[in-house]
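Each residue of the sequence shown is one higher than the one before, counting from 3 in the UniProt record's numbering.
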Amino acid sequence: APSVVIVGAGQAGADTAAALRSRGFSGRIALVGEEEALPYRRPPLSKGYLGGTAEAGDLELLPLSSYGDQGIDLVLGDRAVRIDPEERSVVLDSGSRLSYDRLVLATGARPRRLPVPGAGLAGVMTLRGLADAAALREALREGGHLLVVGGGFVGLELAATARKLGLDATVVEVGPRLMARALSPGMSDHLRAEHVRQGVRILLRREVAALHGDASGHVRVAELDGGERVPADLVVFGVGVRPNVELAAAAGLEVGGGILVDRWLRTSDPAIHAIGDCARFPSARYGRQLRLESVQNASDQARCAAAAICGDPEPYEAVPWFWTEQYALRLQIAGITGGHDLAVTVGDPGGGRFSVLCFREGRLLGAESVNRPADHMIVRRLLSAEGVPSLSPEEAARPGFDLKEYRS
Ligand code: FAD
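Given below as structure tokens:
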């Protein structure tokens with residue numbers, strides 16, 4: 003039987019191993035991860051884990067025993083440092099070498115840091131892994147003032163958690179609105195209003211110019227563009243990520259804004275797949291290349307790669323979806339709403355339960371739902387149907403319209 007090596011034991015890597023076995027793949031599977039912890043879910047890191055309602059053990063994707071039961075060789079705390087595509091082998095930091103017939107790169111992404119003076123002070127952090135979250139959880143216990151740089155979902159979840167824990171929080175965002183990459187302007191405003199209501203200071207179109215520390219080298223003050231000084235006992239950069247492409251690039255695989263793959267998630271070497279946060283793939287649905295950062299994308303691409311490895315290739319066409327939780331606000335996004343030319347709100351925005359349906363040239367692109375899980379599921383199903391989704395903007399704008407009419 004052929005042998006599969008998976009580099010990166012995060013969501014995408016661990017799901018690939020499990021999907022291979024559930025398809026009956028009987029060859030050897032090695033799952034290599036540089037982190038020490040058993041493969042875990044990242045979403046709770048900025049939510050329940052930081053807030054103290056979930057512990058590290060609660061985040062594990064699978065219990066340790068099931069790797070043994072399924073014959074998955076877990077190699078943790080070791081890093082793949084080189085791929086030899088001619089010889090079809092991967093060299094690890096420990097010196098061992100693993101041969102493969104098929105290689106899956108699921109290396110994820112790492113946080114960007116801004117080259118701001120003072121960024122090296124103690125108390126300046128990023129949040130990606132369990133180790134970061136553990137350090138942050140400890141630092142949040144100290145109380146004081148949290149400064150989040152970047153108004154994306156990780157930073158906003160962190161601000162919400164900090165408020166729950168009783169810290170002061172400021173979010174500095176260089177753009178004109180929050181979560182601009184993922185959300186329609188109306189939804190960004192709704193989110194901002196909620197944060198302001200909860201006592202977070204949101205500064206838009208502002209930048210951090212420098213960070214200043216105390217005598218012990220711990221950050222205490224952030225200086226913004228224009229000179230304003232903001233207290234900052236803890237600073238977290240939430241300014242996006244960079245895909246981990248270096249291993250692929252060094253092996254001569256095509257990269258550019260991610261590891262480049264085709265519709266079957268194969269890299270420029272057909273024996274090597276790339277999936278999850280590190281991969282940039284062509285989307286027939288959206289007519290362009292995408293690199294998505296979500297559990298949905300990591301898991302669905304894992305299943306897609308496993309199918310191809312088992313000789314049952316299907317192009318990757320899954321409907322993207324995403325969620326975030328801030329305070330009591332559960333926001334779910336179906337499809338990709340960016341680039342819409344018309345947004346129709348349904349439900350009860352005042353009561354905090356509504357959806358924004360986004361259209362482009364009369365075609366449904368996706369929806370953003372706040373505390374309306376049924377809407378979210380219906381839109382996902384509408385988008386997954388063959389051809390053009392049947393819901394028109396005129397229909398959605400009809401007084402009394404309810405998405406439930408489209409529940410099949
Ligand atoms: P990762 O989960 O990052 O896994 C990649 C793994 O590969 C890492 O463990 C890394 O150490 C390892 N690795 C990299 N290079 C090597 C190497 N050379 N050798 C060995 N190992 C290597 N998504 C949602 O849909 N909803 C949410 O609410 C949500 N919340 C999030 C909150 C936080 C704080 C974060 C950080 C992310 C969140 N996400 C959320 C995004 C989601 O977690 C990611 O999209 C998902 O984890 C991507 O899976 P992945 O396997 O591609 O990458």
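Even for Gly, the Cβ is constructed at its ideal location relative to N, Cα and C.
Beta strand (DSSP E) runs contained entirely in the region 265-300, provided each spans 3 or more residues: 274-276, 281-285, 290-292
Short Cβ contact (8 Å threshold) for A308 with V346: Counting from one through the sequence shown, the residue named residue 308 turns up at place 306. Counting from one through the sequence shown, the residue named residue 346 turns up at place 344. No, the Cβ-Cβ distance between A308 and V346 is not below 8 Å.
Pairwise C-alpha distance: Q72 and R23: As a working note, residue 23 is residue 21 in the sequence shown. As a working note, residue 72 is residue 70 in the sequence shown. One C-alpha to the other measures close to 7 Å.
Coarse secondary structure for S96, derived from DSSP in three states: The count along the sequence shown starts at 1 and reaches residue 96 at position 94. Three-state result, S96: coil.
Proximity test, Cβ basis, 8 Å: V223 and chain D: Chain labels in this structure do not include chain D; a single protein chain is all it has.
Whole-Å CB distance - V173 paired with V210, under 8 Å assumed: What you label residue 173 is simply residue 171 of the sequence shown in a count that begins at 1. What you label residue 210 is simply residue 208 of the sequence shown in a count that begins at 1. Their Cβ separation, rounded to whole angstroms, is 11 Å, which puts V173 and V210 out of contact at 8 Å.
Start-to-end residues for the alpha helix (DSSP H) that takes in L205: Working through the sequence shown from its first residue, we reach residue 205 at position 203. No alpha helix (DSSP H) holds L205; the beta strand (DSSP E) holding it covers 203-206.
C-alpha gap between N299 and E140, whole angstroms: Sequence index remark: in the sequence shown, residue 299 carries index 297 (1-based). Sequence index remark: in the sequence shown, residue 140 carries index 138 (1-based). Each residue's alpha carbon lies about 31 Å from the other.
Sequence-distant residues of the same chain with beta carbon closer than 8 Å to K406, five excluded per side: On the sequence shown, position 404 is the one that residue 406 refers to. The answer, listed in chain order, is A376, I380.
Identified DSSP bridge partners for Y42: For the purposes of this step, residue 42 is taken as the residue at position 40 of the sequence shown. According to DSSP, which records beta bridges pairwise, Y42 is partnered with E62.
G228 CB to nearest heavy atom of the ligand FAD below 7 Å: Indexing the sequence shown from 1 puts residue 228 at position 226. Checking every heavy atom of the ligand FAD against the Cβ of G228, none is found closer than 7 Å.
Distance cut-off 7 Å: S296 Cβ against heavy atoms of the ligand FAD: As a working note, residue 296 is residue 294 in the sequence shown. Answer for S296: yes, Cβ within range of the ligand FAD.
Enclosing beta strand (DSSP E) for S357 [first to last residue]: Indexing the sequence shown from 1 puts residue 357 at position 355. First-last of the beta strand (DSSP E) with S357: 355-362.
Which listed residue (S371, L344, S357, G352) has its alpha carbon closest to that of E363: As a position in the sequence shown, residue 363 is number 361, starting the count at 1. The residue with the shortest Cα to Cα distance from E363 is L344.
Reduced DSSP category for Q334 - H, G, I as helix; E, B as strand; rest coil: Here residue 334 refers to the residue found at position 332 of the sequence shown. Here Q334 sits in strand by DSSP.
Touching by the beta-carbon criterion (3+ pairs, under 8 Å), the region 102-117 and the region 230-244: yes
Own chain, CB closer than 6 Å to R383, minus 5 neighbours either side, in chain order: Mapped onto the sequence shown, residue 383 falls at position 381. There are no such residues.
Nearest neighbour of G313, chosen from R194, G26, A11 [CA to CA]: Counting from 1 along the sequence shown, the entry for residue 313 is found at position 311. Nearest C-alpha to G313: G26.
Continuous alpha helix (DSSP H) stretch holding residue 427: start and end: An answer regarding residue 427 cannot be provided, because it is not within the stretch 3 to 410 covered by the chain.
Inter-residue spacing [alpha-carbon to alpha-carbon] between A135 and P401: Indexing the sequence shown from 1 puts residue 135 at position 133. Indexing the sequence shown from 1 puts residue 401 at position 399. So the alpha carbons of these two residues sit roughly 46 Å apart.
Residue 461 versus G70, S28, A39, E89, residue with shortest Cα-Cα distance: Since the first and last residues shown for the chain are 3 and 410, residue 461 lies out of range.
Identified DSSP bridge partners for M127: To locate residue 127, count along the sequence shown from 1; it is residue 125. DSSP lists V238 as partners of M127.
Beta-carbon proximity of G35 to G59, cut-off 8 Å: Residue mapping note: residue 35 aligns to position 33 of the sequence shown, counting from 1. Residue mapping note: residue 59 aligns to position 57 of the sequence shown, counting from 1. No. Outside cutoff.
Inter-residue CB distance, V247 and I261 (contact presumed, cutoff 8 Å): On the sequence shown, residue 247 is found 245 positions in, with the first residue counted as 1. On the sequence shown, residue 261 is found 259 positions in, with the first residue counted as 1. Contact holds; Cβ gap of about 5 Å.
Where Q72 sits in the DSSP three-state scheme: Numbered from its first residue, the sequence shown carries residue 72 at position 70. Residue state, collapsed to three classes: coil.
Beta-carbon spacing of L393, L367 below 8 Å: Here residue 393 refers to the residue found at position 391 of the sequence shown. Here residue 367 refers to the residue found at position 365 of the sequence shown. Cβ atoms of L393 and L367: not closer than 8 Å.
Residues that F324 bridges to, as DSSP identifies them: Position 322 of the sequence shown, counted from the first residue, corresponds to residue 324. F324 pairs with I335.
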